[in-house]
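In the working numbering, the protein residues as written are 6 to 139.
Note that CB positions come from ideal geometry on N, CA and C, so glycine has one too.
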Amino acid sequence: MGVLFIDLDGFKTINDTYGHGVGDLLLKAVSDRVRLLLRTSDTLSRVGGDEFIVLLPEIAGRDNALHVAEKLLDALAQVFEVGGAQLQVSASIGLAIYPEHGNDDQTLLKHADIAMYEAKKLGKNNVQVFSTQN
């Protein structure tokens, strides 16, 4: 099982510039685009603001989960046409894998969140796998 913690980079600026209505439409468009890349066994949840979690219950190891995360980064980097505006966002993604990074859902989620903040610190628009050095 893999857990991806996704945070959109610069979403507050979009809300401040275009308004919350456009921001809400963008969140829906992001969600729709992410869903297109996931398998039926995967789960996407918005956990607040501009943060999403993807559960990959049947992923075959770290490399495959990393591949999914990189595909999501590429898809999210494409222009969104929302509310008459062309918007571009990027994302920072943290990845945690069972059992390597935790044996329960809370630990995996916490470690994916830590990895996501590491991705932000390293310049955003990238994926980081949880490490005990984070």
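Open item on the list: Below 8 Å on the Cβ atoms is my contact criterion, and I expect Ala96 with Leu13 to pass it. Report the Cβ-Cβ distance as a whole number of Å.
Closed with: Within the sequence shown, residue 96 is the residue found at index 91, counting from 1. Within the sequence shown, residue 13 is the residue found at index 8, counting from 1. Ala96 to Leu13, Cβ: 5 Å. Contact.
TODO: Helix, strand or coil for Phe57, going by three-state DSSP, please let me know.
DONE: One-based indexing of the sequence shown puts residue 57 at position 52. Phe57 sits in a strand when the DSSP states are folded into three classes.
Task: For Asp118, three-class secondary structure by DSSP - done: For the purposes of this step, residue 118 is identified with residue 113 of the sequence shown, where counting begins at 1. Note: Asp118 maps to helix in three-state DSSP.
Task: Through-space distance from Tyr23 to Val8, alpha-carbon basis - done: Here residue 8 refers to the residue found at position 3 when the sequence shown is read from its first residue. Here residue 23 refers to the residue found at position 18 when the sequence shown is read from its first residue. Each residue's alpha carbon lies about 31 Å from the other.
Task: 7 Å CB neighbourhood of Phe135 in its chain, flanking five on each side removed - done: For the purposes of this step, residue 135 is taken as the residue at position 130 of the sequence shown. The answer, listed in chain order, is Gly99, Leu100, Ala101, His106, His116, Ala117, Ile119, Ala120.
Open item on the list: Restricting to Cα atoms, I'd like to know which of Phe16, Arg38, Gly89 is closest to Gly144.
Closed with: What the structure shows of the chain is the stretch from 6 to 139, and residue 144 is not part of that stretch, so it cannot be assessed.
Open item on the list: If contacts are defined as beta-carbon pairs under 8 Å, then Val132 and Leu78 qualify, I think. What distance do you get, rounded to the angstrom?
Closed with: Along the sequence shown, read from residue 1 onward, the residue named residue 132 stands at position 127. Along the sequence shown, read from residue 1 onward, the residue named residue 78 stands at position 73. Contact holds; Cβ gap of about 6 Å.
Task: Distance CB(Ile58)-CB(Leu127) smaller than 8 Å - done: In the sequence shown, the residue the question calls residue 58 occupies position 53. In the sequence shown, the residue the question calls residue 127 occupies position 122. No, they are not a contact pair.
Open item on the list: I need the DSSP call for Val73, collapsed to helix, strand or coil.
Closed with: Here the question's residue 73 lines up with position 68 in the sequence shown. Correct three-state label for Val73: helix.
Task: Buried versus exposed, by CB contacts within 10 Å (16 or more), Gly28 - done: Looking up residue 28 in the sequence shown gives position 23. Gly28 comes out buried.
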